[in-house]
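Under the numbering used here, the residues of the sequence shown are numbered 12 to 451, in order.
Encoded as structure tokens, the structure appears first; notes follow it.
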Amino acid sequence: MAVLGHVDHGKTSLLDKIRGSAVIEGEAGAITQHIGATAVPLDIISSIAGDLVDPDDFDLPGLLFIDTPGHHSFTTLRSRGGALADIAILVVDVNDGFQPQTLEALDILKRSQTPFIVAANKIDTVPGWDPNEDAPINDTYESQSERVRQRLDESLYEIIGNLSDEGFSADLYWRVQNFQRNVGVVPVSAMTGEGVPDLLTVMMGLSQRYMKEEMEIDVSGPGVGTVLEVKEEKGFGKTVDIVLYDGTIKEDDTIVVGGQNDPIVTEVRALLQPRPLAEIRTESRFENVDEVGAAAGIKVAAPELGDAMAGAPVRVVRDRDLDDVIEEVQAELASIAVDTAEEGVVVKADTLGSLEAMADALDEAEVPIVRAEVGDVAPRDISVASTAEDPKQQVILGFNVDVLSDAEHRAETDDVTIFTDEVIYQLVEEYDEYVEGIEQ
Ligand code: GTP
Ligand code: MG
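So, in structure tokens, the structure goes:
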């Protein structure tokens, strides 16, 4: 399950509260730089949710939460048909309400038809709020003054109204009968834990229902997954953090991974598993395991992963024909490949999912793309952009990526303009303004 929402609305804090560790403290500027996957076992969920969740009612082992800094990575996870991102939590700050990335996330949820609930976060910041640590929402709501309740109600109804403007019929979660038809809004505080029992209860119910009806995960076949992140790891070289959503992956398995150029064929050297309740991106003491079954977040160490891309498919070959598997991976990559033109702007993005979303947005704005790639803005991108004849196309648009310092210098000398942003439509708007400026 993925957690989406606008910057600073509390996605990481909410997960943090749930897993009871302090990932946020180790985060640079408390901004999530990377995607993490956190497994929360059922017994922990039921202990947080108290009376609301009886573990005997569920046959799920627990929930796997994916914290998404760029919610577009979610598109890739989702389009793989993965069990993991089959439901989502959209986090909205009750005071701040709907923001650009909230709308962008909603748009993705709409297009992918993903069932989701809304966590109306930071209820403790409602003026006059009297906190009740970790209490279910009903209890804490009852204990607030009339005035405070009214204020909260107003904010909640504004969110419900915003959802309805976007075409979702939503209501407070306890009034929702059918979560597939209506969006439930759960008031919570990641800070005080109020409403978190309710949130987990609704999530468990939704996953149980959805997983049972919609999918059976095949846990015995060759593993299928998606790359979340490519990372240098001491002693292992380049590794990939993957979400395995089907089958198993074992040490010594031959795997095929989507790369910048051709699919990478390599052999698993080590499988490094974060412990339950540990965050994959901050956990340094991984457990070395021989085998992992879906669904899980796992770090894979293998040679030649330097070219692997975030958002790309990973497949275990096992007893199948290698060429068939390579073809499968190629087909999957082709389905998310961006159509490029002879001339146009250069686009860089952090994952395949976000690259795809960028390409869609630019297509709508009728901006041609000459080159589209996953990764930071590098000197070779400047070379490509600088060869454009039209100054409007001597441009690089970077979504959720960094500009390498030598690229920055090159851009200055080569007269290439670089735009970067964390919100797609803002990036497109910036570019539009730039073009208008040139045309005047
Ligand atoms: P990005 O990863 O940067 O998109 O942000 P995020 O959505 O993960 O938000 P994060 O969890 O980092 O929280 C942002 C800020 O809001 C932090 O300073 C948190 O302490 C604060 N915050 C989050 N949830 C709550 C809440 O329920 N109540 C209060 N008072 N503060 C909160
Ligand atoms: Mg975060």
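Backbone N, C-alpha and C fix where the C-beta goes; we use that ideal spot for every residue, glycine too.
Note that the coordinates shown come from a computational prediction; the quantities given were computed from them, not determined experimentally.
Spatial neighbours of residue i in its chain, beta-carbon cut-off 8 Å, leaving aside the 5 residues before and after
i      : result
Leu71  : Leu53, Met215, Ser218, Gln219, Met222
Gly61  : Pro147, Pro208
Val159 : Val137, Pro138, Gly139, Trp140, Asp141
With 16 other Cβ atoms within 10 Å as the buried cut-off, status of residue i
i      : result
Ser231 : exposed
Leu333 : exposed
Ser24  : buried
Ile100 : buried
Arg30  : buried
Glu475 : Because the chain spans 12 through 451 in this model, residue 475 falls outside it and cannot be assessed.
Thr398 : exposed
Ala345 : exposed
His420 : exposed
Thr113 : buried
Tyr355 : The identity of residue 355 in the sequence shown is Gly, whereas the question assumes Tyr. So Gly355 counts as buried.
Ser58  : exposed
Lys121 : exposed
Asn143 : buried
Arg162 : buried
Assigned secondary structure, residue i (DSSP; H/G/I helix, E/B strand, else coil)
i      : result
Gln219 : helix
Arg421 : helix
Val328 : coil
Leu71  : coil
Leu415 : coil
Ile449 : helix
Gly269 : coil
Glu298 : strand
Asp62  : helix
Ala399 : coil
Asp392 : helix
Ile98  : coil
Glu244 : strand
Glu278 : strand
Asp264 : coil
Asp432 : strand
Val406 : strand
Asp19  : coil
Asp104 : strand
Asp257 : strand
Val303 : strand
Asp252 : strand
Asp78  : strand
Val14  : strand
Distance, residue j Cα to residue i Cα
i      : j      : result
Ala281 : Asn193 : 44 Å
Arg186 : Ala418 : 54 Å
Gln155 : Asp141 : 6 Å
Arg326 : Pro233 : 7 Å
Glu302 : Glu315 : 21 Å
Leu75  : Val254 : 10 Å
Asp339 : Ala50  : Before going further, note that residue 339 is Glu rather than Asp in the sequence given. Cα to Cα, the separation comes out at about 29 Å.
Gly204 : Phe179 : 27 Å
Ala321 : Ser200 : 31 Å
Ile337 : Asn299 : 27 Å
Leu15  : Ala131 : 12 Å
Asp78  : Thr351 : 31 Å
Ala305 : Tyr168 : 39 Å
Ala323 : Lys28  : 30 Å
Thr151 : Ser416 : 51 Å
Gln341 : Asn272 : 10 Å
Val213 : Val102 : 14 Å
Val238 : Gly195 : 30 Å
Phe430 : Ala389 : 13 Å
Tyr468 : Val235 : No answer is possible for residue 468: the residues shown for the chain start at 12 and end at 451.
Asp264 : Val328 : 7 Å
Gly92  : Pro126 : A caution first: Gly92 carries a pLDDT of 42, below 50, which makes its placement in the model unreliable, though a value can still be read off. The straight-line gap from Cα to Cα measures roughly 13 Å.
Lys245 : Asp387 : 22 Å
Asp19  : Ser166 : 18 Å
Phe247 : Leu363 : 24 Å
Asp330 : Ala116 : 39 Å
Pro379 : Gln451 : 21 Å
Asp118 : Phe69  : 31 Å
6 Å Cβ shell around residue i - same chain, five flanking residues per side excluded
i      : result
Val276 : Val267
Lys310 : Thr250, Asp252, Leu283
Residue-chain proximity (residue i, chain B), Cβ-Cβ < 8 Å
i     : result
Val64 : The structure shown contains no chain B; it holds only a single protein chain.
Contacts around residue i, its chain only, beta-carbon distance under 7 Å, and the 5 residues preceding and following it disregarded
i      : result
Ala360 : Leu366, Met369, Val385, Phe410, Asn411, Val412
Pro402 : Ile449
Ala396 : Val357, Gln405, Val406, Ile407, Val427
Val383 : In the sequence under discussion, the amino acid at residue 383 is Ala, which differs from the Val named in the question. Taken in chain order, the residues that qualify are Val349, Thr351, Val358, Leu366, Ala370.
Ile56  : Val64, Gly73, Leu74, Leu211, Met215
Could you name each continuous alpha helix (DSSP H) segment of 4 residues or more that falls completely within the stretch 153-238, going from the start of the chain to the end?
157-176, 207-225
To test your reading of the DSSP string, which unbroken alpha helix (DSSP H) runs of 4 or more residues are found completely within the stretch 307-384?
333-346, 363-375
Whole beta strand (DSSP E) runs in the stretch 106-148 with 3 or more residues, listed along the chain?
127-132
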